[in-house]
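Trainee: What follows is a single structure, and I will ask about it in a moment.
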Amino acid sequence: MDFRILFLLLPLLFQAPFSSSTNTLLPGSSLSVKSATSDVLVSPNGVFSAGFKAVGENAFCFAIWFAISSDPTIVWMANRDQPVNGRGSKLSLTKNGNLVLLDAGRVTLWSTGTRNISAVKLQLEDTGNLVLRTSEGGQSFTLWESFKSPTDTLLPQQKLTMDTDVVSSKSQTNYSSGYYKLYWDDDNVLHLLCHGPDRQLSSVYWPYPWLKYFENGRSTYNNSKTAVLNSFGVFSSSDDLFVLASDYGEKLHRRLTLDPDGNLRLYSFDMKKSTWVVTWQAFPKPCDIHGTCGPNSFCTYHHSFGQRCSCIHGFKMANHRDWFYGCEPEVKWNNSREIDGFFRVANAEFYGYDRGFFQNQTLKGCEEVCLNLTECKGFQFKFEDSVYKCYPKTQLLNGQRASNFNGDVYIRVPKANLSFYEKPGKEIELDCPSKSVILTTAYKKPHENATLMVLVWVSVGLAGMEFVCVAVVLCFLYLTRNGKDEKAQGYMLAATRFQEFTYADLRKATRGFCEEIGNGGGGTVFKGMLSDGRVAAIKRMREAHQGEAEFLAELSIIGRLNHMNLIEMWGYCAEGKHRLLVYEYMEHGSLADNLSADHALDWEKRFAIAMGSSKGLAYLHDECLEWVLHCDVKPDNILLDSDYQAKVADFGLSKIQNRGEAHNSSFSRIRGTRGYMAPEWVYNLPITSKVDVYSYGIVVLELVTGRKPTGVQIVIGGGGGTAEHGRLVTWVREKVNGASTTEAWIEEIADPILEGNFDRNEMEVLVKVALQCVEEDKEARPTIRQVVEMLQCHEDVRAITDVLIKPS
Ligand SMILES: *[C@@H]1O[C@H](CO)[C@@H](O)[C@H](O)[C@H]1NC(C)=O
Ligand SMILES: *[C@@H]1O[C@H](CO)[C@@H](O)[C@H](O)[C@H]1NC(C)=O
Ligand SMILES: *[C@@H]1O[C@H](CO)[C@@H](O)[C@H](O)[C@H]1NC(C)=O
Ligand SMILES: *[C@@H]1O[C@H](CO)[C@@H](O)[C@H](O)[C@H]1NC(C)=O
Ligand SMILES: *[C@@H]1O[C@H](CO)[C@@H](O)[C@H](O)[C@H]1NC(C)=O
Ligand SMILES: *[C@@H]1O[C@H](CO)[C@@H](O)[C@H](O)[C@H]1NC(C)=O
Ligand SMILES: *[C@@H]1O[C@H](CO)[C@@H](O)[C@H](O)[C@H]1NC(C)=O
């Protein structure tokens, strides 16, 4: 017996005792909402069921779903926007051949509008199609079929034609019509369109609007306008779209769904894991989907973090449940050319809604153009093909930010409030966490965390990739960290495990705060054991300057930052004056402990620690575009787990402490630890992510030489500030520049404890990268992301660094 047949039969066997297991409804009979669990039609192969599904409190929809897993996947709905009452509602096939949905037994909410008296019956077929047909003289005719009125899903063999649209659901939990539509346009091309909540704004985002059709692989000449998915995983259409699932081949169950986030995804069912996995998606970069974050906001995306929306600085979320409504200015005003000005957001763009295009404009000229238009909300300004280009915008929509974007946007605001928008020293405020809200929080139920689930599915799906692979999927494979699904799941766990503890809990866990394991970063750290047996490091903050709400707001964000090279925060306690943070406990303590210990770290561990901590910092700096600066990178804040994997600790705390200091202005603004602090702190220069790069460089030099960076103090001018002239840096530079060969300086500076047991190439790369990091001029330092890249390809990097670092 064929294996697959067994699979086909299994659900049938299980279901038989619970339902009447019929696939047919005859005239004069009905399916009642009252007995929603038993009044269902089941397709002969047992794969699909049709009946009433609860969609809310006492609210039901008539639906068809895959009945193959414990969590049924809905593929069609009759009344997605108008649920019926849980009492007295039913779906009836009338004697004269009309299929009607009655709300509370009275009002007809939906009907097929068919009429035929000869041998009508409603059948749920093996394909998932619900068909109303008549037979006459041995021939059967279709009066109506659910395949012709899809909701958000297409099943194999279900044709999408010019008369039908696929419309996404509102959210993972709300099945009513959402904001995205897959449809055939008059130009014979299959499109994805986004339309806002007020239906006024709409924009096509697929095929990519910035490319011509043929560049998207589409054509316009065939006017038959049909698209269809087959069971092998090919989705093709008459405009030459040809999509191949990553698991191309005969598979039992597939579906193509326009998800609530506007991404079109092809799924197949994994029998073993009993879940749906993504085998293709239209958008590897979800920020390219229009409307995602609404007006006046930016979308950012990171492969392990998912997608985020954040308001333009000085704007606030318009509807806290739904990012689609975007953000609105905190200052409301009527614009006019006399009172308005602009503030700049670097490396950003808004797509669409251009009010003309002006080439060869100066910045001033572009401002003029925008000011002269009442409807101009701001403009895009970029230098491209050796001219400046100016695009005044009537809407600030489809915003994205990424460090590699060429071009800035200028937002129109009242001149009087420019300082409010521009806030000097913005970077130092580390306001990324409080200004950005992770997209998924817009959904009600955190455990049905859409973006994350998709990520998990995608990575699971990719792990099982067998056959042909489309380039897009390959790219995604690369982005999803080579398909490590454990990582993605680990992230989910971490996101939900974050919890609140009582002070009593933590006092008990630490046995009255008796075992102190560290001190610094604004508090004392104790070892403790939580009631569930987990060993934790519990930090008691020294002073509670902060209000509870503020503290929690910061923490909930810090708690979400999750990366294998960042220490994981499990929870917190905010009770009265007490403020405590609960972290995972690190077996091997801090890098500082290990460097000073007799049993030295071997070279392999040292290199891995340098690598790991750079990745942790890169995650803090880049992935969240407004930047979480650490401000206190030092060996004490790099902890080592049982495998000596480096984890950066104490990040984000500078912000929490900053609040307290702001109230008490006699504190200096300097943070950090002597020896590791970048010159900017002392010279009162703007603080950027490069301060962490500097500190990281010092840590690496310490790691390779085993020497402490103790500095010589130099008193500066009348300001009373003191600068540190890095003695370690000078010492290393002198050795490097003074030696006749690379081998010579490597032997001279290497930590003697290593006794020569180290990789020369790695050592050379580390030192060169570190020396770049500790350049006095912050512009000369690489970003931490560049550091990661240089270390990652340390074999090839030698050539590059030889060019970059001319010993000065
Ligand atoms: C689903 O969304 C619609 C439109 O926003 C809303 O009217 C409806 O109440 C929501 N339904 C549920 C069950 O939340
Ligand atoms: C019923 O359907 C059949 C087949 O389409 C058609 O021949 C017949 O005329 C229809 N009867 C009525 C009353 O519409
Ligand atoms: C148009 O597309 C349909 C469906 O894909 C196909 O069957 C037909 O051959 C195409 N016509 C031409 C002229 O290519
Ligand atoms: C903006 O203009 C409208 C209509 O001219 C007026 O009613 C409103 O008060 C003005 N708002 C502000 C903030 O000036
Ligand atoms: C831009 O302006 C400069 C100076 O006015 C002129 O020489 C140049 O030809 C212009 N370029 C274009 C593309 O208009
Ligand atoms: C803007 O309007 C002012 C006065 O209404 C006019 O002098 C100026 O030339 C205009 N500038 C542009 C770029 O249209
Ligand atoms: C904006 O400017 C106006 C006029 O100077 C001022 O009254 C208002 O407080 C400012 N708002 C903010 C948020 O800075």
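Residue numbering for the sequence shown is 1 to 808, as defined by the UniProt record's numbering.
C-beta atoms are modelled at their ideal positions from N, C-alpha and C, and glycine is treated no differently.
On a predicted model such as this, the values are computed, not experimentally measured, just so you know.
Tell me whether A59 counts as near ligand 1, meaning its Cβ is closer than 7 Å to at least one heavy atom of that ligand.
Mentor: yes
Trainee: Assign L211 to one of two classes, buried (16 or more other C-beta atoms within 10 Å of its C-beta) or exposed (fewer than that).
Mentor: exposed
Trainee: State yes or no: is the C-beta of V55 nearer than 7 Å to some heavy atom of ligand 1?
Mentor: yes
Trainee: Since D81 is in the alpha helix (DSSP H), which residue starts that stretch and which ends it?
Mentor: Unbroken run through D81: none, as it is neither H nor E.
Trainee: Closer than 7 Å: is that where the CB of N222 sits relative to any heavy atom of ligand 3?
Mentor: N222: yes, Cβ under 7 Å from ligand 3.
Trainee: Would you tell me roughly how many angstroms separate the C-alpha atoms of V699 and D643, rounded to the nearest one?
Mentor: 20 Å
Trainee: Is there at least one non-hydrogen atom of ligand 6 closer than 7 Å to the beta-carbon of N360?
Mentor: no
Trainee: Would you say K181 and L26 are within 8 Å of each other, going by their C-beta atoms?
Mentor: no
Trainee: Starting from Q139, trace the beta strand (DSSP E) both ways and give me its first and last residue.
Mentor: Counting along the chain, the beta strand (DSSP E) containing Q139 begins and ends at Q139 to E145.
Trainee: Is E568 a contact residue of ligand 6, with contact defined as CB to any heavy atom under 7 Å?
Mentor: No.
Trainee: Indicate, with yes or no, if ligand 3 has a heavy atom lying under 7 Å from the CB of T108.
Mentor: no
Trainee: In chain order, what residues of the same chain lie with their CB nearer than 6 Å to the CB of K426, ignoring the 5 residues before and after it?
Mentor: Because K426 sits at a pLDDT of 36, beneath the cut-off of 50, its placement in the model cannot be relied upon, and the following sentence gives the value as read from the coordinates. Closer than 6 Å at Cβ, skipping near neighbours: no residue.
Trainee: Closer than 7 Å: is that where the CB of T142 sits relative to any heavy atom of ligand 3?
Mentor: no
Trainee: Skipping 5 residues on each side, what residues in its chain have a beta carbon closer than 7 Å to that of Y175?
Mentor: Contacts found: V55, C61, I74, M77, R80 and S169.
Trainee: Is there a Cβ of chain B sitting closer than 8 Å to that of I698, yes or no?
Mentor: Among the protein chains of the structure shown there is no chain B, as only one such chain exists.
Trainee: Kindly provide the chain-ordered list of residues whose Cβ lies closer than 6 Å to any non-hydrogen atom of ligand 6.
Mentor: E368, V369 and N372
Trainee: Considering only residues of the same chain and omitting the five flanking positions on each side of K382, which have a CB-CB separation below 6 Å?
Mentor: K389, N406 and G407
Trainee: Examine the Cβ distances between the region 132-149 and the region 98-118 and report whether three or more of them are shorter than 8 Å.
Mentor: yes
Trainee: What residue range does the beta strand (DSSP E) around A180 cover?
Mentor: It is Tyr, not Ala, that sits at residue 180 in the sequence shown. First-last of the beta strand (DSSP E) with Y180: S177 to W184.
Trainee: Report all residues from its chain with a CB closer than 6 Å to the CB of S695; omit the five preceding and five following residues, and keep chain order.
Mentor: V633 and Y676
Trainee: Determine which residues share a DSSP beta bridge with W616 and list them.
Mentor: According to the sequence provided, residue 616 is Gly. The question's Trp does not apply to it. DSSP, once it has assigned bridges, lists no residue as partnering G616.
Trainee: Please determine whether the Cβ atom of T226 lies at a distance below 7 Å from any heavy atom of ligand 3.
Mentor: yes
Trainee: Identify which residue in D593, N594, E328 and R542 has its Cα closest to the Cα of A574.
Mentor: R542
Trainee: How many angstroms separate the CA atom of E429 from the CA atom of G217?
Mentor: Reliability of the predicted coordinates at E429 is poor, the pLDDT of 27 falling under 50, and the value obtained from them is presented with this limitation in mind. So the two alpha carbons sit approximately 46 Å from each other.
Trainee: State the start and end residues of the unbroken alpha helix (DSSP H) segment that holds G697.
Mentor: K690 to T705
Trainee: For the beta strand (DSSP E) holding residue 860, just list the boundary residues, first then last.
Mentor: In the structure as shown, the chain starts at 1 and stops at 808, and residue 860 therefore has no counterpart that could be examined.
Trainee: Are P709 and L728 touching if we call contact CB-CB under 8 Å?
Mentor: yes
Trainee: Just confirm the distance between the C-beta atoms of S350 and L418, as a whole number of angstroms; I'd bet it's less than 8 Å.
Mentor: For the sequence presented, residue 350 should be read as Phe rather than Ser. At roughly 20 Å, the Cβ-Cβ gap does not stay under 8 Å, so F350 and L418 are not in contact.
Trainee: Cβ of F420 within 7 Å of any heavy atom in ligand 7?
Mentor: yes
Trainee: Taking only three categories from DSSP, how would you classify T114?
Mentor: coil
Trainee: Specify the secondary structure class of V189 as computed by DSSP and reduced to three states.
Mentor: coil
Trainee: Within its chain, find whatever has a CB closer than 8 Å to the CB of H253; leave out the 5 residues flanking it on each side and keep chain order.
Mentor: V47, F66, I68, S268 and F269
Trainee: Which residue wins for smallest C-alpha separation from D636, given the options P260, E748 and L591?
Mentor: L591
Trainee: Considering only DSSP beta bridges, list what C299 is partnered with.
Mentor: C309 and Q400
Trainee: Verify whether the separation of the beta carbon atoms of Y410 and G365 is less than 8 Å.
Mentor: no
Trainee: Please find out if some non-hydrogen atom of ligand 7 comes closer than 7 Å to the beta-carbon of E338.
Mentor: no
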